[in-house]
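I have placed the structure first, in the form of structure tokens, so that the comments after it can refer back to it.
Here it is, written out as structure tokens:
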């Protein structure tokens with residue numbers, strides 16, 4: 015069919031929004047199909063980063079940065095901050111985080127069977143933490159600089175070294191699990207991780223390297239948990 019002079023034949027135009035939506039749906043399907051392998055790769059990268067940091071800590075390569083952050087924390091010290099930081103610290107205590115992990119595991123077991131027990135990986139992290147604190151030479155910050163206040167009695171070990179931070183490890187792991195199941199809570203959850211890391215530094219309970227180590231270890235274990243749990247669809251998961 016010939017077109018009239020001065021007129022062009024038009025082809026159907028697909029709106030960019032429709033193209034984007036189609037691509038997003040396809041990408042979502044591909045990602046879900048590769049979930050376990052993606053999570054395991056992420057866990058491997060985080061494990062490698064943790065090993066590298068551990069080597070640097072063992073060789074005292076982080077001392078300069080650690081000391082600079084300690085000096086900065088001292089410059090910010092005040093009693094009201096001590097109280098707030100010590101209260102936030104309670105949320106990362108072993109008794110609290112361990113109880114939360116057990117509760118999540120109980121609910122997960124009832125809903126998903128053995129796959130729902132991934133919160134118990136928290137205790138694997140605790141075992142790694144304690145082992146490193148007895149094996150990797152990295153003395154704690156000087157006791158005279160520590161500002162933490164003891165509001166409640168808690169279970170305390172007395173390992174000779176401080177790497178990695180158990181509070182940051184436990185908080186990061188649980189926050190990653192909860193944020194995966196409750197996306198609306200993610201911002202608040204990760205704000206808690208930032209706050210917990212800040213308390214470790216402000217109260218001089220840990221060096222910066224300890225905090226980063228706890229963060230990496232918590233994220234690594236959360237990635238392993240995600241790989242195990244990835245067969246369960248998001249709408250079927252719950253806390």
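Numbering (our numbering), first residue to last: 15 to 253. Glycine is no exception: its CB is placed at the ideal position from the N, C-alpha and C atoms. Note that the structure is a prediction, hence the values are computed from the model and not measured.
Legend entry - Reference residue 116, options 232, 233, 135, 101, closest by Cα: Within the chain shown, residue 116 is the residue found at index 102, counting from 1. Nearest of 232, 233, 135, 101 to residue 116, Cα basis: 135.
Inset, instruction - Take residue 144 as the anchor and find which of 199, 207, 95, 227 has the nearest alpha-carbon. - result: As a working note, residue 144 is residue 130 in the chain shown. When each option's Cα is compared against that of residue 144, the closest is 227.
Legend entry - For residue 75 and residue 113, the rounded distance between their alpha carbons: Taking the chain shown and counting its residues from 1, one reaches residue 113 at position 99. Taking the chain shown and counting its residues from 1, one reaches residue 75 at position 61. Cα to Cα, residue 113 sits roughly 36 Å from residue 75.
Inset, instruction - Compute the distance between the beta-carbons of residue 177 and residue 235, then report whether it is under 8 Å. - result: Your numbering for residue 177 matches position 163 in the chain shown. Your numbering for residue 235 matches position 221 in the chain shown. Cβ atoms of residue 177 and residue 235: not closer than 8 Å.
Legend entry - Nearest neighbour of residue 212, chosen from 57, 86, 128 [CA to CA]: Along the chain shown, one-based indexing puts residue 212 at 198. For residue 212, the nearest C-alpha among the options comes from 86.
Inset, instruction - Using three-state DSSP, classify residue 153 as helix, strand or coil. - result: For this step, residue 153 is matched to residue 139 along the chain shown. Strand at residue 153.
Legend entry - Contacts around residue 189, its chain only, beta-carbon distance under 7 Å, and the 5 residues preceding and following it disregarded: Locating residue 189 in the chain shown gives position 175, where the first residue counts as 1. Hits under 7 Å: 203, 204, 206, 207.
Inset, instruction - Quick one: measure Cβ to Cβ for residue 53 and residue 240, integer angstroms, because I've assumed they're closer than 8 Å. - result: Position 39 of the chain shown, counted from the start, is the residue given in the question as residue 53. Position 226 of the chain shown, counted from the start, is the residue given in the question as residue 240. Their Cβ separation, rounded to whole angstroms, is 4 Å, which keeps residue 53 and residue 240 in contact under 8 Å.
Legend entry - Beta-bridge partners of residue 175, as assigned by DSSP: By 1-based counting over the chain shown, the position of residue 175 is 161. Residue 175 pairs with 153.
Inset, instruction - Go ahead and label residue 68 buried or exposed: buried means 16 or more other beta carbons lie within 10 angstroms of its beta carbon, across all protein chains shown. - result: To locate residue 68, count along the chain shown from 1; it is residue 54. Flag for residue 68 reads buried.
Inset, instruction - Please state whether DSSP places residue 196 in a helix, a strand or coil. - result: On the chain shown, residue 196 is found 182 positions in, with the first residue counted as 1. DSSP places residue 196 in coil when its eight states are reduced to three.
Legend entry - Neighbour-count burial assignment, residue 210, 16 or more Cβ in a 10 Å radius: Translated into positions along the chain shown, residue 210 becomes position 196. Burial call: buried.
Inset, instruction - Could you tell me the distance, in whole angstroms, from the CA atom of residue 147 to the CA atom of residue 123? - result: The sequence position of residue 147 within the chain shown is 133, counting from 1. The sequence position of residue 123 within the chain shown is 109, counting from 1. Looking at the two C-alpha atoms, the distance is approximately 32 Å.
Inset, instruction - To the nearest angstrom, report how far apart residue 341 and residue 238 are at their CA atoms. - result: Outside the shown range of the chain (15 to 253) lies residue 341, about which nothing can therefore be said.
Inset, instruction - Would you tell me roughly how many angstroms separate the C-alpha atoms of residue 222 and residue 88, rounded to the nearest one? - result: Locating residue 222 in the chain shown gives position 208, where the first residue counts as 1. Locating residue 88 in the chain shown gives position 74, where the first residue counts as 1. So the two alpha carbons sit approximately 14 Å from each other.
Legend entry - C-beta atoms of residue 182 and residue 118 nearer than 8 Å: If you number the chain shown from 1, residue 182 lands on position 168. If you number the chain shown from 1, residue 118 lands on position 104. No; because the gap between Cβ atoms is not below 8 Å, this pair is not in contact.
Inset, instruction - Let me know the secondary structure DSSP gives residue 164 once reduced to three states. - result: Translated into positions along the chain shown, residue 164 becomes position 150. In this structure, residue 164 counts as coil in the three-state DSSP scheme.
Legend entry - Nearest-angstrom Cα separation, counted from residue 214 out to residue 151: Mapped onto the chain shown, residue 151 falls at position 137. Mapped onto the chain shown, residue 214 falls at position 200. Computed Cα separation, rounded: 19 Å.
Legend entry - Assigned secondary structure, residue 77 (DSSP; H/G/I helix, E/B strand, else coil): Locating residue 77 in the chain shown gives position 63, counting from the first residue. Residue 77 falls in the helix class under three-state DSSP.
Legend entry - For residue 158 and residue 133, the rounded distance between their alpha carbons: Taking the first residue of the chain shown as position 1, residue 133 is located at position 119. Taking the first residue of the chain shown as position 1, residue 158 is located at position 144. One C-alpha to the other measures close to 36 Å.
Inset, instruction - With a 10 Å radius around its C-beta and 16 neighbouring C-beta atoms as the bar for buried, classify residue 93 as buried or exposed. - result: Your numbering for residue 93 matches position 79 in the chain shown. Exposed, by the Cβ-count rule.
Inset, instruction - Using alpha carbons as the reference points, say which of 141, 196, 185, 218 lies closest to residue 106. - result: Working through the chain shown from its first residue, we reach residue 106 at position 92. Among 141, 196, 185, 218, the Cα nearest to that of residue 106 belongs to 185.
Legend entry - Anticipated Cβ contact below 8 Å, residue 233 with residue 60, distance rounded: One-based indexing of the chain shown puts residue 233 at position 219. One-based indexing of the chain shown puts residue 60 at position 46. Confirmed, Cβ separation roughly 5 Å.
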